[in-house]
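Chemist: My numbering runs 129 ahead of the 1-based position in the sequence shown.
Here a beta-carbon is modelled for each residue, glycine too, at the ideal position from N, C-alpha and C.
Fair warning: this is a prediction, and the values are worked out from it, not measured in the lab.
Sharing a structure with you now.
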Amino acid sequence: MRVGVDPGDARIGVARSDPTGFLATPVETVPRGKGDVRRIARIVRDEEAVEVVVGLPRSLKGTEGPAAAKVRDFAAALAAKVAPVPVRLCDERLTTVTAEAMLRDQGRKGSKRRAVVDQAAAVVILQHALDTERTSGSAPGEIIEVDHA
130 MRVGVDPGDA RIGVARSDPT GFLATPVETV PRGKGDVRRI ARIVRDEEAV EVVVGLPRSL
190 KGTEGPAAAK VRDFAAALAA KVAPVPVRLC DERLTTVTAE AMLRDQGRKG SKRRAVVDQA
250 AAVVILQHAL DTERTSGSAP GEIIEVDHA
């Protein structure tokens, strides 16, 4: 079981895989702010996750800006909270666009779509990581090192 996370400025989408690591499904949207890392750590424990995949926002050119720095800080805090479960950062370019398109295709409109787009983006991030690992034989992205001092 793996957990996927799409950290945004207002909300954090959370998804999980099935036990075989084949299919990602939505779990919940966690409000950003006090207690958000604690809530996601609880989901990781409750789901008995073996890994957490966090979407890292990069520009289309692959560079990292202020949003990526915020996600790296968030991922480090989460990694410290869920250790020894590894936290991996994976490129998430265009995942929200993909998630919006999927929800639009399903006929979800306006506020109903906004309420679940973060979960859908987390599903896209996690599914991409699962598919990449299955086809390449190695997990994509980078592991966040936890300081054990």
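Return the CA-CA distance between Asp-276 and Pro-215, expressed in angstroms with no decimal places.
Modeler: 12 Å
Chemist: Since Leu-185 sits in a beta bridge, which residues does DSSP pair it with?
Modeler: Asp-220
Chemist: Would you kindly work out how many angstroms separate the C-alpha atoms of Arg-171 and Val-132, rounded to a whole number?
Modeler: 11 Å
Chemist: Measure the alpha-carbon distance for Gly-270 versus Asp-220 and round it to whole angstroms.
Modeler: 7 Å
Chemist: Under a three-way DSSP split, which group does Glu-157 fall into?
Modeler: strand
Chemist: Roughly how many angstroms separate the alpha carbons of Pro-148 and Met-231, rounded to a whole number?
Modeler: Between the alpha carbons of Pro-148 and Met-231 lies a distance of about 24 Å.
Chemist: By DSSP, does Ser-146 sit in helix, in strand, or in coil?
Modeler: strand
Chemist: Verify whether the separation of the beta carbon atoms of Pro-136 and Phe-203 is less than 8 Å.
Modeler: yes
Chemist: Between the segment 183-192 and the segment 150-157, do three or more beta carbon pairs fall short of 8 Å?
Modeler: Not touching, per the Cβ criterion.
Chemist: Check Val-134 in the structure and name its three-state DSSP category.
Modeler: strand
Chemist: Along the chain, where does the alpha helix (DSSP H) containing Asp-165 start, and where does it finish?
Modeler: First-last of the alpha helix (DSSP H) with Asp-165: 165-175.
Chemist: Among all the DSSP beta bridges, which residues are the ones paired with Val-233?
Modeler: Just to set this straight, residue 233 is Arg in the shown sequence, not Val. Partner(s): none; Arg-233 has no beta bridge.
Chemist: Tell me whether Gly-162 is buried or exposed, calling it buried when 16 or more other Cβ atoms sit within 10 Å of its Cβ.
Modeler: exposed
Chemist: Can you tell me the Cα-Cα spacing of Val-134 and Pro-195, whole angstroms?
Modeler: 18 Å
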